[in-house]
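These notes concern the structure reproduced below.
Residue numbers (this note's numbering): 68 to 166.
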């Protein structure tokens, strides 16, 4: 789990977002007044709700877990929408890893 950077990432298009996630495996996404942590952990891609913490103080999963990035980007987890569907309305932020 990381910390959200203050400045948005300059991601030009949806393909660049996919490439960013392949390289960095995590990003924060703000959309529709909510913040989500898109991440690859334990062999699966998932979205986590940043407003809901579990008993360990970590964000909680709010999407199904899928093994590939392409499956995740097309997964309808946000009120019937995928990351690809909301990309144009979303802001993305780097995840700064805690030491």
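Beta carbons are placed, not taken as given, at the ideal position from N, Cα and C, and that holds for glycine.
When you compare only the Cα positions, how much space is there between residue 162 and residue 147? Numbered from 1 along the chain shown, position 95 holds the residue referred to as residue 162. Numbered from 1 along the chain shown, position 80 holds the residue referred to as residue 147. Their backbone Cα atoms lie some 25 Å apart in a straight line.
7 Å CB neighbourhood of residue 149 in its chain, flanking five on each side removed: Within the chain shown, numbered from 1, the residue matching residue 149 stands at position 82. Cβ within range, chain order: 140, 141, 142 and 143.
Among 111, 124, 97 and 156, nearest to residue 130 - alpha-carbon criterion: Taking the chain shown and counting its residues from 1, the one referred to as residue 130 is at position 63. Considering only alpha carbons, the answer is 111.
CB residue 114 to CB residue 103, shorter than 7 Å? For the purposes of this step, residue 114 is identified with residue 47 of the chain shown, where counting begins at 1. For the purposes of this step, residue 103 is identified with residue 36 of the chain shown, where counting begins at 1. Their beta carbons are under 7 Å apart, which means residue 114 touches residue 103 by this criterion.
Once the 5 residues before and after residue 88 are set aside, which same chain residues still bring their CB inside 7 Å of it? Translated into the one-based positions of the chain shown, residue 88 becomes position 21. Closer than 7 Å at the Cβ level, and outside the excluded window around residue 88, lie 94, 105 and 136.
So, is residue 159 buried or exposed, given that buried needs 16 or more other C-beta atoms within 10 angstroms? Here residue 159 is taken as the residue at index 92 of the chain shown, counted from 1. Result: buried.
Can you tell me the Cβ-Cβ gap for residue 118 and residue 101, rounded? I've got them flagged as a contact below 8 Å. In the chain shown, counting from the first residue as 1, residue 118 sits at position 51. In the chain shown, counting from the first residue as 1, residue 101 sits at position 34. Indeed they touch by this definition, with Cβ atoms about 7 Å apart.
Collapsed DSSP secondary structure at residue 96 in the structure displayed: In the chain shown, counting from the first residue as 1, residue 96 sits at position 29. Here residue 96 sits in strand by DSSP.
Taking only heavy atoms of the ligand GTP into account, decide whether any of them is closer than 6 Å to the Cβ of residue 110. This structure lacks the ligand GTP, and indeed carries no ligand of any kind.
Can you pull the DSSP bridge partners for residue 133? Here residue 133 corresponds to residue number 66 of the chain shown, with the count starting at 1. According to DSSP, which records beta bridges pairwise, residue 133 is partnered with 112.
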